Amino acid sequence: MKNLDSVFAAYIIGWGVFFLFYLSIAKRTSDLRAEIERLKNSLPRSS
Amino acid sequence: MTKRIILGAVAIVLVIAAAYASFYIAPEERTMGVIQRIFYFHVGSAWAGMDAFLVCFIANLLYVWKRAAKYDWLGVSAAEVGLVFTTVVLITGPIWAKPVWGIWWTWDARLTSTFVLWLLYVSYLLLRTLIEEQDRRALLSSVFGIFAFLDVPLVFGAIRWWRTQHPSPVIMGGPGSGLEPTMRKVFFFSVLAMHFLMAFLIVERYALEKMKYEVDVLKREAEPQ
């Protein structure tokens, strides 16, 4: 079972990269959703 | 939204099943031993990344032709996802290479063209941050994306046209190449799983880009006349 640690490292780092990317999308989506709400609330006052 | 959740769930189940198959179903390769199991993840990610760049290329062509914002959104989404998959390829490759070749990296045609591909799509995303005006940004990045894709056939052909440190292809590699039948099944299952993951991430990223557009529209509406 030589190099099994390298195999695990490759899979864990790879999944980690995908997971971090998904988290970044989720974070950016949540920020934009909050901004959309804020803008929608500001619209009736400005018009 | 429900379709996106289902796609995400299917992608996660397939990726976990593919990892299980890579460790427990695929037989151990005789020369390299257990380290060869990286192959299923590494090559699956590489194929999914190339196909994401293909989606980006098609979207870029469609934008130049039709000038519809949705193609720009698809282009940037696919470029970002392709870049993430290529990053995984560039990380898992050296982890596999070190025990087998004795080195982490070498500037052979396959590795260099893959690294150049990664740099090209980083540049594509950087270019977009430099241009404020939406239509101009979409057009210039689409044109850049079309040229960036020219490196993809080079990456594909590098191990077929030149002698490289990177192994010759085992799939579509011509006479003498090929995989043991169980390895082949696990490999194509892994490729399928990575493509589902790629599709899920592109759909999520596309929804984000569409939302950015909505924010821009609302901002314009909120601006004092």
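Protein chains in written order, with numbering that gives the first Met the number 0: chain A, 0 to 46; chain B, 0 to 224. The C-beta atom is built at its ideal place from N, Cα and C for all residues, glycine as well. Predicted, not measured: the structure shown is a model, and the values here were computed from it.
- From the beta-carbon of A/I12, the residues of chain B found nearer than 9 Å are V87, I90, T91 and I94.
- Residue state for B/E28 is assigned as strand, using DSSP reduced to three classes.
- Within 10 angstroms of the beta-carbon of B/D134 lie fewer than 16 other beta-carbons, which makes it exposed.
- Rounded to the nearest angstrom, the Cβ distance from B/A10 to B/F195 is 4 Å, consistent with a contact under 8 Å.
- Counting only runs of 4+ residues, the alpha helix (DSSP H) found wholly inside the region 125-192 of chain B occupies 133-147 and 150-160, in chain order.
- Counting along the chain, the unbroken alpha helix (DSSP H) around B/I4 starts and ends at T1 to Y19.
- B/G92 is the residue among B/S112, B/G92 and B/T113 whose C-alpha sits nearest the C-alpha of B/W103.
- Assignment of B/E222 by DSSP, reduced to helix, strand and coil, places it in the coil class.
- According to the DSSP assignment, B/A51 belongs to the alpha helix (DSSP H) that extends over I37 to K65.
- Boundaries of the alpha helix (DSSP H) harbouring B/F84: A68 to W100, taken from the DSSP string.
- Listed in chain order, the positions of the region 95-109 of chain B with a beta carbon within less than 8 Å of a beta carbon of chain A are W95, K97 and P98.
- For A/S41, the nearest beta carbon of chain B is closer than 8 Å to its own beta carbon.
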